[in-house]
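Novice: Per the working numbering, residue 59 is the first one in the sequence shown, and the count goes up by one each step.
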Amino acid sequence: MNKMEGWAIMQQAVRRRHGRWPLGVVLPPWLAPSSSSMRSEPSPATSPEAVATTHMPHATATAIYGAAPQQHQLCSAQPASHIYGGILLLFFFPNNISSCKLLCFFSSMGMRVLLVVVLISFAPLITTNAAAGVNATRSAGRQQKQKQKPLAPALIVFGDSIVDPGNNNDIHTIIKADFPPYGTDFQNHRATGRFCNGRIPTDFIASRLGIKELLPPYLTSEPLDKHDLVTGVSFASGGTGFDPLTPQLASVISLPDQLTMFHDYLGKVRDAAGDARVSDILSRGVFAICAGSDDVANTYFTLRARSSYDHASYARLLVQHATAFVEDLIRAGARRVAFIGIPPIGCVPSQRTMSGGLDRGCSQGHNEIAVAYNAGMVQQLAALRAKYPDTLLVFMDIYGFLYDMMMHPRSYGFTQSTRGCCGTGLLEVSVLCNGVTSAVCQDVGDYLFWDSYHPTEKAYKILADFVFDNYVKLILV
Numbered sequence: 059m060n061k062m063e064g065w066a067i068m069q070q071a072v073r074r075r076h077g078r079w080p081l082g083v084v085l086p087p088w089l090a091p092s093s094s095s096m097r098s099e100p101s102p103a104t105s106p107e108a109v110a111t112t113h114m115p116h117a118t119a120t121a122i123y124g125a126a127p128q129q130h131q132l133c134s135a136q137p138a139s140h141i142y143g144g145i146l147l148l149f150f151f152p153n154n155i156s157s158c159k160l161l162c163f164f165s166s167m168g169m170r171v172l173l174v175v176v177l178i179s180f181a182p183l184i185t186t187n188a189a190a191g192v193n194a195t196r197s198a199g200r201q202q203k204q205k206q207k208p209l210a211p212a213l214i215v216f217g218d219s220i221v222d223p224g225n226n227n228d229i230h231t232i233i234k235a236d237f238p239p240y241g242t243d244f245q246n247h248r249a250t251g252r253f254c255n256g257r258i259p260t261d262f263i264a265s266r267l268g269i270k271e272l273l274p275p276y277l278t279s280e281p282l283d284k285h286d287l288v289t290g291v292s293f294a295s296g297g298t299g300f301d302p303l304t305p306q307l308a309s310v311i312s313l314p315d316q317l318t319m320f321h322d323y324l325g326k327v328r329d330a331a332g333d334a335r336v337s338d339i340l341s342r343g344v345f346a347i348c349a350g351s352d353d354v355a356n357t358y359f360t361l362r363a364r365s366s367y368d369h370a371s372y373a374r375l376l377v378q379h380a381t382a383f384v385e386d387l388i389r390a391g392a393r394r395v396a397f398i399g400i401p402p403i404g405c406v407p408s409q410r411t412m413s414g415g416l417d418r419g420c421s422q423g424h425n426e427i428a429v430a431y432n433a434g435m436v437q438q439l440a441a442l443r444a445k446y447p448d449t450l451l452v453f454m455d456i457y458g459f460l461y462d463m464m465m466h467p468r469s470y471g472f473t474q475s476t477r478g479c480c481g482t483g484l485l486e487v488s489v490l491c492n493g494v495t496s497a498v499c500q501d502v503g504d505y506l507f508w509d510s511y512h513p514t515e516k517a518y519k520i521l522a523d524f525v526f527d528n529y530v531k532l533i534l535v
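#1: Would you check if there are 3 or more beta carbon pairs closer than 8 Å linking the stretch 291-309 to the stretch 348-360?
#2: Just list the residues that DSSP pairs residue 474 with in beta bridges.
#3: For residue 67, count neighbouring C-beta atoms within 10 Å of its own C-beta (all shown protein chains included) and say buried if the count is 16 or more, exposed if not.
#4: If you run the structure through DSSP and keep just helix, strand and coil, what is residue 429?
#5: In this structure, how does DSSP classify residue 241 when only helix, strand and coil are distinguished?
#6: Would you identify the three-state DSSP class for residue 405, choosing helix, strand or coil?
#7: State the beta-bridge partners of residue 254 as determined by DSSP.
#8: Please confirm if the stretch 470-484 is in contact with the stretch 439-453, defined as three or more CB-CB distances below 8 Å between the two stretches.
#9: Pull up the CB-CB distance for residue 330 and residue 284, whole angstroms please, since I reckon it's below 8 Å.
#10: Exposed or buried, which one is residue 280 when buried takes at least 16 other CB atoms within 10 Å?
#11: Would you call the stretch 513-527 and the stretch 318-330 touching, i.e. three or more CB-CB distances under 8 Å?
#12: Would you give the residue range spanned by the beta strand (DSSP E) that residue 394 belongs to?
#13: Who are the Cβ neighbours of residue 503 in its own chain at under 7 Å, not counting the five residues just before and after it?
#14: Where does the unbroken alpha helix (DSSP H) through residue 458 begin, and where does it stop?
#15: Below 8 Å, can you find three or more Cβ-Cβ pairs linking the stretch 403-419 to the stretch 494-502?
#16: Helix, strand or coil for residue 541, going by three-state DSSP, please let me know.
#17: Please report how far the alpha carbon of residue 231 lies from the alpha carbon of residue 312, in whole angstroms.
#18: With DSSP as the reference, label residue 302 as helix, strand or coil.
#19: Determine the burial state of residue 534: buried for a count of at least 16 other Cβ atoms within 10 Å of its Cβ, exposed for fewer.
#20: Quick check on the DSSP output: the alpha helix (DSSP H) that includes residue 325 runs from which residue to which?
#21: Can you round the beta-carbon distance between residue 380 and residue 435 to whole angstroms, since I take them to be within the 8 Å contact cut?
#22: Which of helix, strand or coil does DSSP assign to residue 490?
#23: Hey, how far is the Cα of residue 383 from the Cα of residue 303?
#24: If we ignore side chains and look at the alpha-carbon of each, how far apart do residue 309 and residue 522 end up?
Next comes the structure, spelled out in structure tokens:
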């Protein structure tokens with residue numbers, strides 16, 4: 059069975075389930091219903107030297123990052139993934155003979171096709187909270203100030219779903235968390251768009267800084283009040299990454315676009331509080347950057363969208379784009395920058411399921427890229443510190459700490475670290491973790507992970523305290 063036949067069967071299966079193709083679902087280019095748009099071996103144009111080197115001359119990029127990597131086979135066999143895929147597909151389409159044919163299709167396309175089928179199948183079933191309910195808590199920075207004197211005038215955040223408090227709510231993407239059971243333990247049990255059962259790391263950091271209890275998203279249906287505006291926001295968008303392909307495939311906000319939003323934000327602060335406040339935010343505010351996990355887990359491994367890269371060369375590609383983003387932020391005026399490294403992404407539940415074999419162990423390949431990327435960023439940030447001596451720039455290494463939490467959960471007050479609390483805990487994330495098909499665990503306090511990708515509020519609190527005490531304090535001088 060070829061890819062076009064597989065595509066036709068997938069469409070037919072979805073239409074039989076829902077009576078139509080779900081409106082508003084935008085598929086990535088490699089799954090478009092024409093042979094020319096099916097994913098094939100990358101052309102030479104996707105080699106490291108040809109990919110978006112706007113911040114580095116071609117010759118310099120080649121000298122630093124090396125020659126183009128050798129082409130690799132598009133898909134490698136993943137028996138465990140095929141087994142999980144078969145079970146789930148037959149569950150979703152039990153009366154469809156095409157399901158059996160699609161099992162053969164997995165041999166060439168892998169688990170990424172299954173995820174698209176499942177996401178499309180459940181997209182029409184998920185209904186978001188009423189706008190009034192979401193707006194009541196998404197701008198929840200409107201809380202009483204901490205009694206302590208603020209350690210910084212503002213917290214400004216860029217990144218992905220780990221630090222996204224709801225910017226994806228009103229954009230055209232299926233990467234959302236503004237529906238139950240997300241937000242189960244948040245204020246008023248509201249799903250605000252945070253990919254968690256409650257608060258996320260930047261909420262805790264904002265509180266530790268004495269700024270406010272919750273850090274709001276920049277994109278809100280209701281305008282932010284003056285206090286929330288001038289004390290900081292998050293521009294983060296779940297599903298994004300440093301690789302330019304990552305936000306395109308997920309239809310989310312890219313890091314460069316987040317930086318554009320930041321410039322717009324400064325204009326609003328200037329209008330609301332004057333030039334002095336803008337200068338204070340730039341000089342003394344804390345700027346946090348957290349991204350890279352989706353590049354590794356989704357773009358590289360699940361979608362195989364960078365199959366021309368080996369692990370080392372893909373890590374170098376991410377380092378190149380991440381370094382360029384940090385330098386752009388410094389040039390925009392930021393003087394206290396905290397850069398968060400990639401965690402042991404191969405050990406999160408979904409990646410154990412997808413790439414960890416029948417025993418669901420940690421994926422060595424995922425972690426190899428994470429380690430190489432982190433090492434590369436340490437070097438590049440050191441170079442930026444030398445280039446911009448008036449900037450306080452810290453690399454926040456969370457890899458070892460989170461790995462220890464995952465391997466020894468009981469030492470941190472957890473009993474389960476290989477499954478999420480939502481649903482089976484194997485694959486459920488975003489629309490797969492929903493109030494229609496997903497029950498939640500009895501005691502979320504036992505779980506390190508809320509869904510198959512994101513930690514629980516309890517785990518985030520532990521992580522945020524570690525980050526604040528060991529790294530954030532270094533730039534509060």
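Think of the CB as a built atom: it goes at the ideal place given N, C-alpha and C, for glycine as much as any other residue.
Specialist: The short version:
#1: yes
#2: Bridge partners of residue 474: 505.
#3: Because residue 67 carries a pLDDT of 47, less than 50, the predicted location of this residue cannot be relied on, and no value is offered for it.
#4: In the structure shown, residue 429 falls within a helical segment according to DSSP collapsed to helix, strand and coil.
#5: coil
#6: helix
#7: Paired residue(s): none; residue 254 is not in a bridge.
#8: No, they do not touch.
#9: Sure, about 5 Å apart at Cβ, within 8 Å.
#10: exposed
#11: no
#12: 394-398
#13: So the qualifying residues of the chain are 516.
#14: 457-465
#15: Per the Cβ contact rule, the stretch 403-419 is not in contact with the stretch 494-502 (fewer than 3 Cβ pairs under 8 Å).
#16: One cannot answer for residue 541 here, as it falls past the ends of the chain, which runs 59 to 535.
#17: 13 Å
#18: coil
#19: exposed
#20: 313-331
#21: 6 Å
#22: helix
#23: 15 Å
#24: Their Cα atoms are separated by approximately 28 Å.
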